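To start, the structure itself, in structure tokens.
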Amino acid sequence: MSRRLSACFPRAPSSRRHSARLLTRCLVTGARPGTSASARSRQCCPTRNDPAEGPRRVAQGSVFCLLSVAAAGGEMVVEKGSASPSKSVGDRCPQQQEPSGQEKKNKQLVAEGFTIKAMMKNAVVRGPPLAGAFKERPTKPTAFRKFYERGDFPFALEHNARGHRIAWKVELEKLDYHYWLPLFFDGLCETSFPCEFFARQGIHDMLEHGGNKILPVIPQLIIPIKNALSLRNRQILCITLKVLQHLVVSADMVGEALVPYYRQLLPVLNIFKNMNVNSGDGIDYSQQKRENVGDLIRETLETFERHGGEAAYINIKYMIPTYKSCMLN
1 MSRRLSACFP RAPSSRRHSA RLLTRCLVTG ARPGTSASAR SRQCCPTRND
51 PAEGPRRVAQ GSVFCLLSVA AAGGEMVVEK GSASPSKSVG DRCPQQQEPS
101 GQEKKNKQLV AEGFTIKAMM KNAVVRGPPL AGAFKERPTK PTAFRKFYER
151 GDFPFALEHN ARGHRIAWKV ELEKLDYHYW LPLFFDGLCE TSFPCEFFAR
201 QGIHDMLEHG GNKILPVIPQ LIIPIKNALS LRNRQILCIT LKVLQHLVVS
251 ADMVGEALVP YYRQLLPVLN IFKNMNVNSG DGIDYSQQKR ENVGDLIRET
301 LETFERHGGE AAYINIKYMI PTYKSCMLN
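In terms of the UniProt record's numbering, the sequence shown has 94 at position 94, counting the first letter as 1, and numbering is strictly consecutive.
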């Protein structure tokens, strides 16, 4: 068989065969041509001198190729098996196998409630958004600030040892309550000094000296009070509730005149009725300053019931079902 093959493919000259063997050895071992046998052995086995050089030489010399020497012409053809050299054993990253008991988690699909996607196995139903019942509303420019910046009010700020007070330029009994009192109530929405101080102190001063002039102005005060309560600001709520308590006791029949307007005033009080400060075993200093919203709402409702006549409790109970009467019990 060998003779037949040799007859079909004549052997190349010895010089060409020697060069082909040398080139094949250089490609496989990574040694340079023309080096001695001892140098080639050091290049082939470099781990004896430098342990870190071994994987680097192996990576350079381990080119997967197929060498075929043409039997007729003695030419050598290099056929590369891959375009990039293979990594050494030390550089190869072993594939991480997951434990048999651990399963891949499916990606969760966020879906809205009462939809077809919500019925899928990997679906997570998104909860309803917050209603924002306790969220504060932004304040809007008020007519009180406009009049104050224009200098239309008949008062000035007076400083004394006790703090600030309003120095009225005219007598309060001579003021037109139909014009000035609703304007001061519109300033309840203010939260910055000095507009907040002027509006609050001006209302209390006018209610003390108003007398019979207050009752005819009640219908004009409902919208400013409702706007102040609708802001849901804790500071504005406390100030407005104190003003309402003073308004009810300022003159006769004022409490009864407010009963038809409970549907505009009490819905916000129903929201914040149970908002009390949970101080635990600490001291609640807001009791002296009267800044607890829940306590102020309870005091205001009791004042409405006492001064609102016979129909006051029924209308309060209609708007705030959890209210308990302070007169019947």
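Where is the CB? At the ideal position from N, CA and C, for every residue including glycine. Predicted, not measured: the structure shown is a model, and the values here were computed from it.
(request) Specify whether the segment 169–178 and the segment 260–271 touch according to this definition: at least 3 beta carbon pairs, one from each stretch, less than 8 Å apart. (result) The answer is no - the segment 260–271 does not touch the segment 169–178, with fewer than three Cβ pairs under 8 Å.
(request) Could you work out which residue in Cys326, Ile218, Val248, Tyr148 is closest to Phe193 when comparing CA atoms only? (result) Residue Tyr148 is the option with its Cα nearest to Phe193.
(request) Note down the Cα distance separating Gln201 from Arg165, rounded to an integer number of angstroms. (result) Taking the straight line joining both Cα atoms gives about 8 Å.
(request) List the endpoints of the continuous beta strand (DSSP E) containing Leu157. (result) That run of the beta strand (DSSP E) goes 155–160.
(message) Between the alpha carbons of Leu241 and Arg298, how many angstroms are there, rounded?
(response) C-alpha separation (whole angstroms): 10 Å.
(request) Taking only the alpha-carbon atoms, compute the straight-line gap between Cys326 and Asn212 and give it to the nearest angstrom. (result) So the two alpha carbons sit approximately 28 Å from each other.
(message) Using the three-state DSSP reduction, which class does Pro46 fall into: helix, strand or coil?
(response) In this predicted model, Pro46 has a pLDDT of only 48, less than 50, meaning its place in the structure is not dependable enough to derive any value.
(message) Between Thr240 and chain B, is the shortest Cβ-Cβ distance under 8 Å, so that the two count as touching?
(response) Although the question refers to chain B, the structure presented lacks it and comprises just one protein chain.
(request) Output the distance between the C-alpha atoms of Phe153 and Pro129, rounded to the nearest integer angstrom. (result) Their backbone Cα atoms lie some 45 Å apart in a straight line.
(message) Using the Cβ count rule (16 or more neighbours within 10 Å means buried), how would you classify Pro219?
(response) Classification for Pro219: exposed.
(request) Figure out for me which residue from Lys121, Tyr313, Glu208, Phe114 has the closest Cα to the Cα of residue 332. (result) The chain is shown only over 1 to 329; residue 332 falls outside these bounds and no answer can be derived.
(request) Just mark Ala133 as buried or exposed, buried being the case when its beta carbon has 16 or more other beta carbons within 10 Å. (result) Classification for Ala133: exposed.
(request) Identify whether residue 343 lies in helix, strand or coil by the three-state DSSP scheme. (result) Any property of residue 343 remains undetermined from this structure, which presents the chain solely from 1 to 329.
(message) How far does the alpha helix (DSSP H) with Leu244 in it extend, from its first residue to its last?
(response) Membership of Leu244 in the alpha helix (DSSP H) is indicated by the continuous run 234–248.
(request) Keeping to the same chain, check which residues put their C-beta closer than 8 Å to that of Val217; ignore five residues upstream and five downstream. (result) Correct list, in chain order: Tyr177, His178, Leu181, Pro182.
(message) Let me check understanding here. Comparing Cα to Cα, which of Phe155, His204, Leu221, Gly113 lies closest to Val243?
(response) Answer by Cα proximity: His204.
(request) Starting from the C-beta of Ile239, find all residues in its chain whose C-beta is less than 6 Å away, skip the five residues before and the five after it, and write them out in chain order. (result) Answer for Ile239: Arg200, listed in chain order.
(message) In this structure, how does DSSP classify Leu109 when only helix, strand and coil are distinguished?
(response) Leu109 falls in the strand class under three-state DSSP.
(message) By the DSSP assignment, the beta strand (DSSP E) with Ala131 in it spans what residues?
(response) In the DSSP annotation of this structure, Ala131 is not part of any beta strand (DSSP E), being labelled neither H nor E.
(request) Please confirm whether Asn233 and Thr191 have their CB atoms less than 8 Å apart. (result) For Asn233 and Thr191, yes; Cβs fall inside 8 Å.
(message) Let me check understanding here. Comparing Cα to Cα, which of Leu247, Gln245, Pro267 lies closest to Leu229?
(response) For the residues Leu247, Gln245, Pro267, the minimum Cα distance to Leu229 belongs to Pro267.
(request) Can you check DSSP and say which residues form a bridge with Val124? (result) For Val124, which the question treats as bridged, DSSP gives the partners Val110.
(request) Mark Glu305 as exposed unless 16 or more other C-beta atoms lie within 10 angstroms of its C-beta, in which case mark it buried. (result) Burial call: buried.
(message) Measuring only the C-alpha atoms, how far is Gly294 from Asn276?
(response) Straight-line Cα distance between these residues: approximately 5 Å.
(request) Tell me where the alpha helix (DSSP H) around Tyr179 begins and ends. (result) Where Tyr179 is concerned, the enclosing alpha helix (DSSP H) starts and stops at 177–186.
(message) Judging by CA-CA distance, which residue of Leu175, Gly255, Leu207 is the nearest neighbour of Gly308?
(response) Taking the Cα of Gly308 as reference, the smallest distance to any Cα among Leu175, Gly255, Leu207 is reached at Gly255.
(request) Determine the burial state of Thr115: buried for a count of at least 16 other Cβ atoms within 10 Å of its Cβ, exposed for fewer. (result) With a threshold of 16 other beta carbon atoms within 10 Å, Thr115 falls short and is exposed.
(request) Could you pull out every residue in the same chain whose Cβ sits closer than 8 Å to the Cβ of Ala83, ignoring the five residues on either side in sequence? (result) Note that Ala83 scores 46 on pLDDT, short of 50, meaning its location in the model is unreliable; the coordinates nonetheless yield the value given after this. Excluding the 5 residues flanking it on each side, Ala83 has no same chain C-beta neighbour closer than 8 Å.
(request) Determine the DSSP secondary structure at Tyr261, reduced to helix, strand or coil. (result) It is helical.
(request) Measure the CB-CB distance between Asn227 and Cys189 and report whether it falls below 8 Å. (result) Contact check for Asn227 against Cys189 passes: the beta carbons are separated by less than 8 Å.
(request) Could you check which residue in Gly163, Val248, Tyr318, Glu112 has the C-alpha nearest to that of Gly127? (result) The shortest C-alpha to C-alpha distance from Gly127 to any of Gly163, Val248, Tyr318, Glu112 is the one to Glu112.
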